[in-house]
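Residue numbers (UniProt numbering): 1 to 185.
What follows is the structure, encoded as structure tokens:
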């Protein structure tokens with residue numbers, strides 16, 4: 001199901017909304033008895049804890065752009081915190097992982113808040129996070145197929161690059177998954 005034979009076509013932001021909306025958008029948010037925020041999304045995961053965040057790197061011309069998906073408002077928020085060096089290195093690792101010479105049209109970075117999960121699931125927080133990431137990746141591939149967007153899981157980017165870029169914004173987030181994506185025929 002993984003696709004890496006991408007067309008030379010820029011990703012449409014509207015299509016990204018169709019890709020992420022059914023899966024990541026919060027249908028309902030509430031707090032439980034312990035004061036933990038519970039989120040009802042299109043995928044199951046970690047008892048409803050909002051521990052997953054999605055970041056996008058779009059290699060559009062003339063410059064790469066980075067976004068964070070806001071699951072509360074269903075918006076892509078432009079990020080200025082990712083340096084050109086970070087974007088270049090993320091692209092380099094993605095291209096090497098895909099065994100292609102050019103940058104993929106887009107990279108989807110999945111970040112997790114393990115501290116949030118530890119509050120509820122102290123002993124199994126990391127395993128729970130990885131299961132949630134796996135469910136998210138599978139759902140993205142299925143929805144992407146309907147939009148002619150091919151997604152390919154990666155596993156090559158050093159987490160310190162990602163965490164360094166977010167230190168000032170969300171120090172508790174850690175890179176837990178990544179996917180290359182682009183239009184396919």
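The C-beta atom is built at its ideal place from N, Cα and C for all residues, glycine as well.
When the Cα atoms are used, what is the spatial distance from residue 167 to residue 6?
-> For the purposes of this step, residue 167 is identified with residue 167 of the chain shown, where counting begins at 1. For the purposes of this step, residue 6 is identified with residue 6 of the chain shown, where counting begins at 1. Confidence at residue 167 is low in this model, with a pLDDT of 49, below 50, so its placement is unreliable and the value that follows should be read with caution. Residue 167 and residue 6: Cα-Cα distance of roughly 32 Å.
Check whether residue 180 and residue 154 have beta carbons under 8 Å apart = As a first step, residue 180 must be located in the chain shown, where it is residue number 180. As a first step, residue 154 must be located in the chain shown, where it is residue number 154. Closer than 8 Å, so yes.
Could you work out which residue in 13, 177, 20 and 26 is closest to residue 130 when comparing CA atoms only?
-> What you label residue 130 is simply residue 130 of the chain shown in a count that begins at 1. Nearest C-alpha to residue 130: 177.
What residue from 184, 113, 121 and 105 has the CA that sits closest to residue 10's CA?
-> On the chain shown, position 10 is the one that residue 10 refers to. The candidate whose alpha carbon is nearest that of residue 10 is 105.
On the three-state DSSP scale, how would you describe residue 23?
-> Here residue 23 refers to the residue found at position 23 when the chain shown is read from its first residue. Helix, per DSSP.
Throw me the rounded Cβ distance for the residue 147 and residue 18 pair, which I believe falls under 8 Å.
-> To locate residue 147, count along the chain shown from 1; it is residue 147. To locate residue 18, count along the chain shown from 1; it is residue 18. About 6 Å separates the two Cβ atoms, so the contact holds.
Inter-residue CB distance, residue 103 and residue 3 (contact presumed, cutoff 8 Å) = Numbered from its first residue, the chain shown carries residue 103 at position 103. Numbered from its first residue, the chain shown carries residue 3 at position 3. Not quite, the Cβ-Cβ distance comes to about 16 Å (not below 8 Å), so this is no contact.
Three-state secondary structure (DSSP) of residue 34 | Mapped onto the chain shown, residue 34 falls at position 34. Residue 34: coil per DSSP, three-state reduction.
Just grab the DSSP bridge partners of residue 67 for me.
-> Numbered from 1 along the chain shown, position 67 holds the residue referred to as residue 67. Paired residues: 56 and 78.
Just how far apart, CA to CA, sit residue 185 and residue 8?
-> Along the chain shown, read from residue 1 onward, the residue named residue 185 stands at position 185. Along the chain shown, read from residue 1 onward, the residue named residue 8 stands at position 8. Their Cα atoms are separated by approximately 11 Å.
Simplified DSSP assignment, three categories, for residue 179 = Taking the chain shown and counting its residues from 1, the one referred to as residue 179 is at position 179. Three-state DSSP puts residue 179 in a strand.
Shortest alpha-carbon distance to residue 56 belongs to which of 16, 160, 21 and 35?
-> Taking the first residue of the chain shown as position 1, residue 56 is located at position 56. That would be 16, whose Cα lies nearest to the Cα of residue 56.
Count the other C-beta atoms from every protein chain shown that fall within 10 angstroms of the C-beta of residue 20, then say buried if there are 16 or more, exposed otherwise.
-> Here residue 20 refers to the residue found at position 20 when the chain shown is read from its first residue. When all chains shown are included, residue 20 counts as buried.
Going by other Cβ atoms of all chains shown within 10 Å of its Cβ, with 16 needed for buried, is residue 112 buried or exposed?
-> Translated into the one-based positions of the chain shown, residue 112 becomes position 112. Classification for residue 112: buried.
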